[in-house]
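Visitor:
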Amino acid sequence: MAEKSVVDQVKESTDIVNLISEYVDLEKRGNNYVGLCPFHNEKTPSFNVYKDTGSYYCFGCRANGSVIDFYMEMENLPFNEALQSLGERSGIKVKHKQTNVNSKELQLIKMHEIMVDNYHNILVSTAEGKEALNYLLKRGFTLEQIKKEKIGFAPNIKDSAIQLLENLKFSKEMMYQAGLVARNEETFEYFDRFRNRIMIPIKNHKGKYVAFTARALGDDTPKYLNSPETDIFHKSSIIFNLSDAYKVIQDEKEVILMEGHMDVLKVKNTSIKNVVATMGTSVSLKQIEILKRVSKNITLMFDGDEAGKNATQSVGEKILEQKGNPYVIPLQTGMDPDEFIEKHGEESFEKYIYENRDHFIVYDAKEKLKSSKRNDLKFSEYLNHSIQLLKYIDNEVERSRLVKQISELYEVDAELIHRQLPKKQRRRGNKITFSSPSVTRVTSREFKEKHIMHTLINSKERMRYFTSNFDLNLFQTNGYHDIINKLVEYFSEFDTFDKQMFISYIDPELITCLEHIIATDLPVLEEQELNDYIQAICGISSSSGEKNNLIKEIEQAELIGDDERALELFNQLIELQKFPKSK
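Quick note: the sequence shown uses full-length UniProt numbering, first residue 1, plus one each step.
(1) Nearest CA to the CA of Lys-11: which residue from Gly-30, Thr-53 and Val-24?
(2) Grab me the residues of Gln-250's own chain with a C-beta within less than 8 angstroms of its C-beta, minus the 5 sequence neighbours each way, in chain order.
(3) Is it buried or exposed, Ala-307, if we count other Cβ atoms within 10 angstroms and call 16 or more buried?
(4) Which residue marks the beginning of the beta strand (DSSP E) containing Cys-37, and which one marks its end?
(5) Which one of Pro-330, Gly-334, Glu-342 and Tyr-363 has the shortest CA to CA distance from Tyr-352?
(6) Within its chain, find whatever has a CB closer than 7 angstroms to the CB of Phe-212; leave out the 5 residues flanking it on each side and keep chain order.
(7) Could you give the first and the last residue of the continuous beta strand (DSSP E) run that contains Glu-27?
(8) Could you tell me whether the region 152-170 touches the region 121-129, where touching means 3 or more Cβ pairs closer than 8 angstroms?
(9) Quick one: Cα of Asn-241 to Cα of Leu-77, how far?
(10) Please go through the region 129-157 and give each complete alpha helix (DSSP H) segment of 4 or more residues, from N-terminal end onward.
(11) By a C-beta neighbour count over all protein chains shown, 10 Å radius and 16 as the cutoff for buried, is Glu-259 buried or exposed?
(12) Can you look up Lys-110 in the DSSP assignment and give me helix, strand or coil?
(13) Under 8 angstroms by Cβ, that's how I've got Lys-206 and Ser-243 pegged, so tell me the actual separation to the nearest angstrom.
(14) DSSP on Arg-193, reduced to helix/strand/coil?
(15) Kindly list the residues whose CB is nearer than 7 angstroms to the CB of Glu-254, restricted to its own chain and excluding five residues on each side of it in sequence; keep chain order.
(16) Report the three-state DSSP secondary structure of Gly-207 (helix, strand or coil).
(17) Got a sec, what are the start and stop residues for the alpha helix (DSSP H) Asn-310 sits in?
(18) Along the chain, where does the beta strand (DSSP E) containing Val-276 start, and where does it finish?
(19) Keeping to the same chain, check which residues put their C-beta closer than 7 angstroms to that of Tyr-176; ignore five residues upstream and five downstream.
(20) May I have the straight-line CA-CA distance separating Glu-144 from Leu-136, to the nearest angstrom?
(21) Per DSSP, Arg-183 forms a beta bridge with which residues?
(22) Please report the residue range of the alpha helix (DSSP H) in which Pro-337 lies.
(23) What does DSSP give as the partner residues of Val-328 in its beta bridges?
(24) Under a three-way DSSP split, which group does Cys-513 fall into?
(25) What would DSSP say about Arg-565, mapped onto helix, strand or coil?
(26) Considering only residues of the same chain and omitting the five flanking positions on each side of Leu-168, which have a CB-CB separation below 7 angstroms?
(27) In chain order, what residues of the same chain lie with their CB nearer than 6 angstroms to the CB of Ser-435, ignoring the 5 residues before and after it?
(28) For the beta strand (DSSP E) containing Ile-272, name the first residue and the last one.
(29) In its own chain, which residues sit with a C-beta less than 7 angstroms from the C-beta of Phe-233, not counting the 5 before and 5 after it?
(30) Measure the CB-CB distance between Leu-383 and Ile-361 and report whether it falls below 8 angstroms.
(31) Leaving aside the five residues before and after Leu-456 along the sequence, list all residues of the same chain whose C-beta is less than 8 angstroms from its C-beta, in chain order.
(32) With a threshold of 7 angstroms on Cβ separation, who are the neighbours of Asn-310 within its own chain once the five nearest residues in sequence on each side are excluded?
(33) Using a Cβ cut-off of 8 angstroms (strictly closer), state whether Gln-405 contacts chain D.
(34) Residues in the same chain with beta-carbon distance under 6 angstroms from Leu-225, minus the five sequence neighbours each way, listed in chain order, please.
(35) Please indicate yes or no: does the CB of Phe-302 lie closer than 7 angstroms to some heavy atom of the ligand NAP?
(36) If I follow the unbroken alpha helix (DSSP H) through Asn-473, where does it start and stop?
Below, the structure written as structure tokens:
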């Protein structure tokens, strides 16, 4: 265990507000800070952070503790690892007794450290690595960088790694679990996974070697071969070069995300150091969350091919959904950062970076308008798409700046766009939803059905009551019948609704319909209210003037998106109709 004085030093040197702000949006209230609790679902903030005492407390779920406790919970780390990680952030060396020195994780990391050194030595010091070294030097890498990055070469030998690691008393099974060797599943023969490849080591967030990405030297396929998933390497949570670029990213207040590891290494030769990469164009929500903790300004610089453009669109929207601030530096068709530098030089690349950065929303509009003329049927759809994206920008100054740019691109009055944005942003749900470009007339029945569906999704108890007393086929709104049937299946296995989990139950074409239901900002109906609503949509109506007036008012409220007013009026209508209750 670490000495108590070191624990105190780490607590005192770590600003609890700054740390927790990496995970939670905090608002200052008096001397304290308040936000939505990260440990349980809530709509009203009850999570309090006390800067003076270096502690936190949630009045909703009673979670509490110190800055170390919070970090342990959020990163799922044991005490010593959390302490060491926080210490590194503050420049404090934490020494503690190493426990379980022969643990599997330590052995896997140790094998990677050995192979990083071995492959690097082969590249820079042996005849076997000469061809690979010359290739890298011709590509613009310096010997100094090759040594600093520990780039290596795996010789074209079937058991080079096996022999080395066996001599150091590691078992073949452990090598296999490290991802360093592969196995023939029929003969159970082991052989080196990486052969005749340039080896680029990958570090985890602590700076420990945990994997490789390997580039074929000749015509071998695939061109790039990555380590498989292991106990120490999870592709969805690893970001290449993040441990090295962490401080620069914080200083620059921006991270530039690329596709390839080679791209990042090449760009690091320039003055631009705040660069990282994922494993190709696939970027997980976990990786976005990790990047946001370092900087919310995430700039995408993917390859200029179709896959890169599609990824830019997908990842840009994901970043907006996760409350990040996405930018884009687009590349010419068919070009990647490495090729740009090779063709135009480092100075031109640096200039291009500084002169060609657009906010993702502006980039998205430009891309769409390339294929749409002013009178195109798609024009209104694209404009509406941009407006929906703008709703995710909470900062009024930034939003106003973006509205000006978007209005100029579409050649429309900025005031028209401003009028479609709420003065005070309210985020509904966790996903971006796109409505039609014109105001859609929603019938009273559709409104009622949506409110019922919203209630059933958010309450298993109401769902149980509904399935016991009513016909699942009563819904007329498109998609609701299929969703309700899947919901019955889902709640037979789970107690609470999880959107991402439920999406796996439904057909892709139903996702948009589900998003509209989830985004409804209405309360969960009580059992009696649910009963009344269902009776109301079963065809019982009245021709009295008062009721007709109420219906017109409800429809008017729905047209302008005033859900609260529509709900209030509808409850008045229920009272007038006095429907018999279902038994």
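From the three backbone atoms N, C-alpha and C, an ideal C-beta is built for every residue, glycine too.
Guide: By the coordinates alone:
(1) Taking the sequence shown and counting its residues from 1, one reaches residue 11 at position 11. Minimum Cα distance to Lys-11 is reached at Thr-53.
(2) As a position in the sequence shown, residue 250 is number 250, starting the count at 1. Result list for Gln-250: Val-294 and Ser-295, in chain order.
(3) By 1-based counting over the sequence shown, the position of residue 307 is 307. Looking at its Cβ environment, which holds fewer than 16 other Cβ atoms inside 10 Å, Ala-307 is exposed.
(4) Working through the sequence shown from its first residue, we reach residue 37 at position 37. Here Cys-37 belongs to no beta strand (DSSP E), and DSSP marks it neither H nor E.
(5) For this step, residue 352 is matched to residue 352 along the sequence shown. Checked all of Pro-330, Gly-334, Glu-342 and Tyr-363; the closest Cα to Tyr-352 is Pro-330.
(6) In the sequence shown, counting from the first residue as 1, residue 212 sits at position 212. Result list for Phe-212: Phe-194, Met-199, Ile-200, Pro-201, Ile-202 and Ser-227, in chain order.
(7) Position 27 of the sequence shown holds residue 27. That run of the beta strand (DSSP E) goes 27-29.
(8) yes
(9) By 1-based counting over the sequence shown, the position of residue 241 is 241. By 1-based counting over the sequence shown, the position of residue 77 is 77. Computed Cα separation, rounded: 21 angstroms.
(10) Within the region 129-157, the complete alpha helix (DSSP H) runs of at least 4 residues are 130-138 and 143-149.
(11) What you label residue 259 is simply residue 259 of the sequence shown in a count that begins at 1. Under this definition Glu-259 is a buried residue.
(12) Residue numbering aside, residue 110 sits at position 110 when the sequence shown is read from its first letter. Helix at Lys-110.
(13) Position 206 of the sequence shown holds residue 206. Position 243 of the sequence shown holds residue 243. With 8 angstroms as the limit, Lys-206 and Ser-243 qualify as a contact, their Cβ atoms being about 7 angstroms apart.
(14) Reading the sequence shown from its first residue, position 193 is the one you call residue 193. Reduced to three states, the DSSP call for Arg-193 is coil.
(15) Taking the sequence shown and counting its residues from 1, one reaches residue 254 at position 254. Cβ within range, chain order: Asn-274, Ser-295, Asn-297 and Thr-299.
(16) If you number the sequence shown from 1, residue 207 lands on position 207. Here Gly-207 carries a coil assignment [DSSP, helix/strand/coil].
(17) Residue numbering aside, residue 310 sits at position 310 when the sequence shown is read from its first letter. From DSSP, the alpha helix (DSSP H) with Asn-310 extends over 306-321.
(18) Numbered from its first residue, the sequence shown carries residue 276 at position 276. Val-276 -> beta strand (DSSP E) spans 275-277.
(19) As a first step, residue 176 is located in the sequence shown; it is residue number 176 there, counting from the start. Only Arg-183 and Tyr-190 meet the Cβ criterion.
(20) Position 144 of the sequence shown, counted from the start, is the residue given in the question as residue 144. Position 136 of the sequence shown, counted from the start, is the residue given in the question as residue 136. Straight-line measurement puts the Cα of Leu-136 at about 12 angstroms from the Cα of Glu-144.
(21) On the sequence shown, position 183 is the one that residue 183 refers to. In DSSP, Arg-183 forms a bridge with Tyr-190.
(22) Here residue 337 corresponds to residue number 337 of the sequence shown, with the count starting at 1. First-last of the alpha helix (DSSP H) with Pro-337: 337-344.
(23) As a working note, residue 328 is residue 328 in the sequence shown. DSSP output for Val-328 lists Leu-300 and Asp-358 as bridge partner(s).
(24) Counting from one through the sequence shown, the residue named residue 513 turns up at place 513. Looking at Cys-513 - three-state DSSP - the assignment turns out to be helix.
(25) Here residue 565 is taken as the residue at index 565 of the sequence shown, counted from 1. Correct three-state label for Arg-565: helix.
(26) Your numbering for residue 168 matches position 168 in the sequence shown. If we look at Leu-168 and ignore the five residues flanking it on each side, its Cβ neighbours are Ile-114.
(27) The residue labelled residue 435 in the question sits at position 435 within the sequence shown. Bear in mind that a pLDDT of 40 at Ser-435, under 50, signals an unreliable position, so the model cannot answer this.
(28) Here residue 272 corresponds to residue number 272 of the sequence shown, with the count starting at 1. Element bounds for Ile-272: n/a, residue is neither H nor E.
(29) Numbered from its first residue, the sequence shown carries residue 233 at position 233. The residues are Gly-179, Val-210, Ala-211 and Ser-227.
(30) Counted from its first residue, the sequence shown places residue 383 at position 383. Counted from its first residue, the sequence shown places residue 361 at position 361. The answer is no: Cβ separation not under 8 angstroms.
(31) Residue mapping note: residue 456 aligns to position 456 of the sequence shown, counting from 1. Taken in chain order, the residues that qualify are Arg-462, Met-463, Phe-466, Ile-484 and Leu-487.
(32) Along the sequence shown, read from residue 1 onward, the residue named residue 310 stands at position 310. No residues qualify anywhere along the chain.
(33) As a matter of chain content, chain D is missing from the structure shown, which is built from one protein chain.
(34) As a first step, residue 225 is located in the sequence shown; it is residue number 225 there, counting from the start. Correct list, in chain order: Ala-214.
(35) This structure lacks the ligand NAP, and indeed carries no ligand of any kind.
(36) Along the sequence shown, read from residue 1 onward, the residue named residue 473 stands at position 473. Element bounds for Asn-473: n/a, residue is neither H nor E.
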